[in-house]
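Position 85 of the sequence shown, counted from 1, bears residue number 104 in our numbering, the numbering being contiguous throughout. All residues carry an ideal CB built from backbone N, CA and C; glycine is no exception. Predicted model, so just to flag it, every value in this text is computed and none were measured.
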Amino acid sequence: MPVSLQVLYPISDGTTFDYDYYTSTHFDLVGEYMGDHMEGMLVTKGLAGGPDVPPGYHAVASLVFADQDALNAAMGAAQPVLADIANFTNVQPQMLIGQVLS
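Here's what the structure looks like:
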């Protein structure tokens, strides 16, 4: 059964996020170290939290894996990806691992 890893970067006072670095460098690291285990990836830049509501997140990355074993293998290779987070944000990311329903 497919599983997903979502990485959420919440906005709060004083947080920064370098979208250029994120899309030009960090994405490449994700592909290099985790890509062989992934089925797909969707990354969303936060624009709003609803009508006339500022966004609650700088970005949300959703990575999809065929099963828990594939996710485990990707996480086993992810140390360089995790170490790179400090190069584009001062946010402590939140993670959600879930079962893909649709």
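- If the five residues before and after V110 are omitted, its C-beta is found closer than 6 Å to the C-beta atoms of Y28, T34, all from its own chain and listed in chain order.
- Selection L61, Y41, A78, L82 evaluated against A67 yields A78 as nearest (Cα-Cα).
- In the DSSP assignment, V100 falls within the alpha helix (DSSP H) that extends over 98-103.
- In the three-state reduction of the DSSP assignment, G54 falls in the helix class.
- In this structure I30 is in contact with P74, their Cβ atoms being roughly 6 Å apart against a cut-off of 8 Å.
- Looking from the CA of A89, the closest CA among Q118, V72, Y40, D37 belongs to Q118.
- Using a 10 angstroms sphere on the CB of Y41, the tally of other CB atoms reaches 16 or more, which defines it as buried.
- Under DSSP, L120 takes part in no beta bridge, so it has no partner.
- Non-local beta-carbon contacts of Q87 in its own chain, meaning distances under 6 Å to residues more than five positions away in sequence, involve V22 in chain order.
- Straight through space, the alpha carbons of T108 and A80 are spaced by roughly 14 Å.
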